[in-house]
Each structure stands twice: as structure tokens, then as C-alpha cells.
Amino acid sequence: MSDIQDRIQQELEQARAVCGATGEQSPDCAAAWDAVEELQAEASHKRQQKPKNSLEQYCDDNPEAAECRVYEE
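Shown next, in the form of C-alpha cells:
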């Protein structure tokens, strides 16, 4: 998770620099802030995902195992 936080921080700095150089109303400034918002949304989405339990991890690695079979009613 710290990797995405580092990327957010880099994009924030870049957005501030671009907006300072081109002006707050420029398309480049808007695009730079869009990139920041996308990374923040991705980080939020990752925080909301629950971690897989050991059976789910096992079934991901061994989908053919008897314990991982799914039966329809």
C-alpha cells in the first residue's frame, strides 16, 4: 500500500508544478489533477477489499481440489 501512497505523493508534486507553470485553468493542470484523483480512487478501492482467507488462497492455487468444488443446487 505504501507504493501507491508514494505514487500519489509524486503525482501531487507534479500536479502542483504543472499548475504553477501553466496556470490553474490550463488543460495540462486539469489532466495532472485527474491523475492524482485516479490514484486516490485506486487506493480507496484497495482499502475496501477484504483479504482472502487461507481456503480462498488455496482454491486460487488449486481450483481442481475437492475442497474447492462449487455445486449448483
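Start counting the sequence shown at 1; every next residue gets the next number (our numbering).
The beta-carbon is built from N, C-alpha and C at its ideal position, and this holds for glycine as well.
Computed from a prediction, not measured in an experiment: that's the story for all the values here.
Separation of residue j from residue i, as counted between CA atoms
| i | j | result |
| --- | --- | --- |
| S2 | E73 | 43 Å |
| Q57 | V70 | 15 Å |
| S26 | Q48 | 34 Å |
| D6 | V18 | 18 Å |
| D28 | R16 | 11 Å |
Outcome for residue i when other beta-carbon atoms lying within 10 angstroms are tallied against a minimum of 16
| i | result |
| --- | --- |
| E42 | exposed |
| A65 | exposed |
Under 9 Å between C-beta atoms of residue i and residue j
| i | j | result |
| --- | --- | --- |
| K46 | I4 | yes |
| A30 | Q14 | no |
Cut-off 7 Å between Cβ atoms - residues of its own chain near residue i, not counting five sequence neighbours on either side
| i | result |
| --- | --- |
| Q40 | I8 |
Note to self: Quick test of the definition: if touching needs 3 or more C-beta pairs under 8 Å, does the stretch 49 to 60 touch the stretch 26 to 39?
What the structure shows: no
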